[in-house]
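For the sequence shown, counting from 1, position 19 maps to 25 in this note's numbering; every step adds exactly one. Glycine included, each C-beta is placed from N, C-alpha and C at the ideal position. Data first, discussion second: the structure below is written as structure tokens.
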Amino acid sequence: MVVAKPGPDGKTAATEPFLTGFLQDNKYVGRPVDVLVAKDGSLLVSDDYNGAIYRVSYGR
Numbered sequence: 007m008v009v010a011k012p013g014p015d016g017k018t019a020a021t022e023p024f025l026t027g028f029l030q031d032n033k034y035v036g037r038p039v040d041v042l043v044a045k046d047g048s049l050l051v052s053d054d055y056n057g058a059i060y061r062v063s064y065g066r
């Protein structure tokens, strides 16, 4: 998963990795397919390879 950063014209100016580790040694160990924002602001990421849902939150 990547984060797309917009430029002044609104088009994608840059991307950077955000959530990695789903491909190791050219083999899938996970496959994120959808993202939702929870009420608390965390991201819920579904992984149909493992049948899992991951919660990504901001630590303070």
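(message) DSSP three-state label for S63, please.
(response) Residue numbering aside, residue 63 sits at position 57 when the sequence shown is read from its first letter. The answer is coil: DSSP assigns S63 none of H, G, I, E or B.
(request) For the beta strand (DSSP E) holding P23, just list the boundary residues, first then last. (result) Residue mapping note: residue 23 aligns to position 17 of the sequence shown, counting from 1. Where P23 is concerned, the enclosing beta strand (DSSP E) stretches over 18 to 23.
(message) Just checking N32 against the ligand MN - is the residue's beta carbon closer than 7 angstroms to any of the ligand's heavy atoms?
(response) For the ligand MN, the structure offers nothing, since it holds no ligand at all.
(message) Just to check my reading of the structure: S52 and V39 have Cβ atoms closer than 8 angstroms, yes? What is that Cβ distance to the nearest angstrom?
(response) Position 46 of the sequence shown, counting from 1, holds the residue named residue 52. Position 33 of the sequence shown, counting from 1, holds the residue named residue 39. Your pair S52 and V39 checks out as a contact, with CB atoms roughly 6 angstroms apart and the cut at 8 angstroms.
(message) Less than 8 angstroms between CB atoms is the rule here; does F24 satisfy it with respect to chain C?
(response) Any reference to chain C falls outside this structure, which holds one protein chain only.
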